[in-house]
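Residue numbers (this note's numbering): 31 to 311. In this text, a Cβ means the ideal position worked out from N, Cα and C, and glycines have one as well. Here the structure is a predicted model, which is why all the values come from computation and not from measurement. Below you'll find the structure, written out as structure tokens, and then a few comments.
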């Protein structure tokens, strides 16, 4: 097996796992804040077990090397996960993941504005079409719950996109360390409204997501980046925005409206063309 094939398989494995997260939130039947709390605790436990398994020195170094970057990245991840759970709860799976698909473009714009990174013209062209797609998605339902969910989804995009930029700036920040802090912060944000009187049946999907799905999906994608260039990874990660609505339809009978479908197609097509243009270059 070539290193390139290994990178594709690792990244695709991570993408498939990641696509299951939003349906698991709905399957649990718990309130959004309960999901966020138990997910955060599970994620924090899982990542710290990974750190401990690598030895005491590795564990300590993960939190003491570039501590500011680790904590700041963890805060942004915690905020993005909190907003993600709330968005899925209020507006459903399809709209949430399709809005989140705009993250790579928003990341490029944030890097252009705040980090003064050189940004190719194709990013601005893709941004134009991404916002057209977002218009179709947002115009689908202007009810109160949907509006709240859309706002949470946009907040998630901003936090997630900012996270990419922070990780680019703090290159030495431990990737497992910041994920652990992310779990801590999302649990902290949700503890005030979490319901602790939950059944084991409702808890299993959330704990499974925090202990296995989320850490291993990020780990596989992270390992895949060792063998693939960013444009290839970005192209493969688009699959999450395609698979998650399929799982929502298959497992939960969530129907995608025509305007959401059109808007999502415009966003995904724009991202795909941008990634292919990068690969060609």
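1. Going by beta-carbon coordinates alone, are residue 278 and residue 53 separated by less than 8 Å?
2. Note down the Cα distance separating residue 102 from residue 209, rounded to an integer number of angstroms.
3. When the Cβ atoms of the region 180-195 are set against those of the region 31-40, are three or more pairs found closer than 8 Å?
4. Can you list the alpha helix (DSSP H) stretches of 4 or more residues lying completely in the region 34-71, in chain order?
5. So for residue 286, helix, strand or coil by DSSP?
6. Does DSSP put residue 244 in a helix, a strand or coil?
7. Please determine if the region 244-251 and the region 133-148 are in contact, where contact requires at least 3 C-beta pairs separated by less than 8 Å.
8. Nearest CA to the CA of residue 276: which residue from 122, 212, 88?
9. So for residue 170, helix, strand or coil by DSSP?
10. For residue 105, which residues in the same chain have their Cβ closer than 6 Å to its Cβ, ignoring the five residues on either side in sequence?
11. Measure the beta-carbon distance from residue 132 to residue 160 and round it to whole angstroms, keeping in mind my assumption that it falls under 8 Å.
12. Which residues in the same chain have their Cβ closer than 6 Å to the Cβ of residue 236, if we skip the five residues on either side of it in sequence?
13. So residue 200 is in the alpha helix (DSSP H); what residue range does that whole segment cover?
14. From what residue to what residue does the alpha helix (DSSP H) around residue 125 run?
15. By DSSP, does residue 228 sit in helix, in strand, or in coil?
16. Check whether the Cβ atoms of residue 294 and residue 167 sit closer than 8 Å, and answer yes or no.
17. How should residue 120 be labelled, buried or exposed, when 16 other C-beta atoms within 10 angstroms of its C-beta is the threshold for buried?
18. Over what stretch of residues does the alpha helix (DSSP H) that includes residue 216 continue unbroken?
19. Would you kindly work out how many angstroms separate the C-alpha atoms of residue 115 and residue 60, rounded to a whole number?
20. Report the option in 287, 292, 267, 283 whose CA atom is closest to the CA atom of residue 302.
21. Which residue wins for smallest C-alpha separation from residue 124, given the options 282, 310, 256?
22. State the DSSP-derived secondary structure class of residue 255, mapped to helix, strand or coil.
23. What separation, rounded to the nearest whole angstrom, lies between the Cα atoms of residue 77 and residue 157?
24. Within this structure, are the beta carbons of residue 200 and residue 33 separated by less than 8 Å?
25. Counting only the same chain and skipping the five closest in sequence on each side, list residues whose C-beta sits under 7 Å from that of residue 206.
26. Among 220, 141, 239, 95, which residue has its Cα nearest to the Cα of residue 51?
27. What does the Cβ neighbour count give for residue 274, buried or exposed, with the cut at 16 atoms within 10 Å?
In this structure, then:
1. Within the chain shown, numbered from 1, the residue matching residue 278 stands at position 248. Within the chain shown, numbered from 1, the residue matching residue 53 stands at position 23. The Cβ atoms of residue 278 and residue 53 lie closer than 8 Å to each other.
2. Here residue 102 refers to the residue found at position 72 when the chain shown is read from its first residue. Here residue 209 refers to the residue found at position 179 when the chain shown is read from its first residue. Each residue's alpha carbon lies about 11 Å from the other.
3. Note that the region 180-195 does not touch the region 31-40; fewer than 3 beta-carbon pairs, one per stretch, sit closer than 8 Å.
4. Runs of alpha helix (DSSP H) with 4 or more residues, each lying fully within the region 34-71, are found at 51-58, listed in chain order.
5. By one-based count along the chain shown, residue 286 stands at place 256. In the structure shown, residue 286 sits in coil (DSSP, three-state: anything other than H, G, I, E or B).
6. For the purposes of this step, residue 244 is identified with residue 214 of the chain shown, where counting begins at 1. It is helical.
7. Too few Cβ pairs lie closer than 8 Å, so no.
8. Numbered from its first residue, the chain shown carries residue 276 at position 246. Nearest C-alpha to residue 276: 122.
9. Residue mapping note: residue 170 aligns to position 140 of the chain shown, counting from 1. Coil at residue 170, not helix or strand.
10. As a first step, residue 105 must be located in the chain shown, where it is residue number 75. 215, listed in sequence order.
11. Taking the chain shown and counting its residues from 1, the one referred to as residue 132 is at position 102. Taking the chain shown and counting its residues from 1, the one referred to as residue 160 is at position 130. About 5 Å separates the two Cβ atoms, so the contact holds.
12. Here the question's residue 236 lines up with position 206 in the chain shown. Once the five neighbours on either side are set aside, the close Cβ partners of residue 236 are 58, 65, 68, 69.
13. Mapped onto the chain shown, residue 200 falls at position 170. Following the DSSP letters along the chain, one finds residue 200 in no alpha helix (DSSP H), marked with neither H nor E.
14. For the purposes of this step, residue 125 is taken as residue 95 along the chain shown, with counting starting at 1. Per DSSP, residue 125 belongs to the alpha helix (DSSP H) from 123-130.
15. Locating residue 228 in the chain shown gives position 198, counting from the first residue. Correct three-state label for residue 228: coil.
16. Numbered from its first residue, the chain shown carries residue 294 at position 264. Numbered from its first residue, the chain shown carries residue 167 at position 137. Yes, the pair counts as a contact, with Cβ atoms nearer than the cut-off.
17. Taking the first residue of the chain shown as position 1, residue 120 is located at position 90. So residue 120 ends up on the buried side.
18. By 1-based counting over the chain shown, the position of residue 216 is 186. Per DSSP, the continuous alpha helix (DSSP H) segment holding residue 216 begins and ends at 205-220.
19. Counted from its first residue, the chain shown places residue 115 at position 85. Counted from its first residue, the chain shown places residue 60 at position 30. Answer to the nearest angstrom: the Cα atoms are 11 Å apart.
20. Along the chain shown, read from residue 1 onward, the residue named residue 302 stands at position 272. 267 is the residue among 287, 292, 267, 283 whose C-alpha sits nearest the C-alpha of residue 302.
21. For the purposes of this step, residue 124 is identified with residue 94 of the chain shown, where counting begins at 1. Ranking the options by Cα distance to residue 124, first place goes to 282.
22. If you number the chain shown from 1, residue 255 lands on position 225. Coil.
23. Position 47 of the chain shown holds residue 77. Position 127 of the chain shown holds residue 157. When rounded, the distance between both Cα atoms is 34 Å.
24. Against the chain shown, residue 200 aligns to sequence position 170. Against the chain shown, residue 33 aligns to sequence position 3. No, these two residues do not count as a Cβ contact at 8 Å.
25. To locate residue 206, count along the chain shown from 1; it is residue 176. These residues qualify, in order along the chain: 77, 80, 81, 92.
26. One-based indexing of the chain shown puts residue 51 at position 21. Looking at the Cα atoms, 239 is the closest of the given residues.
27. Indexing the chain shown from 1 puts residue 274 at position 244. Its Cβ being crowded by 16 or more others within 10 Å, residue 274 is buried.
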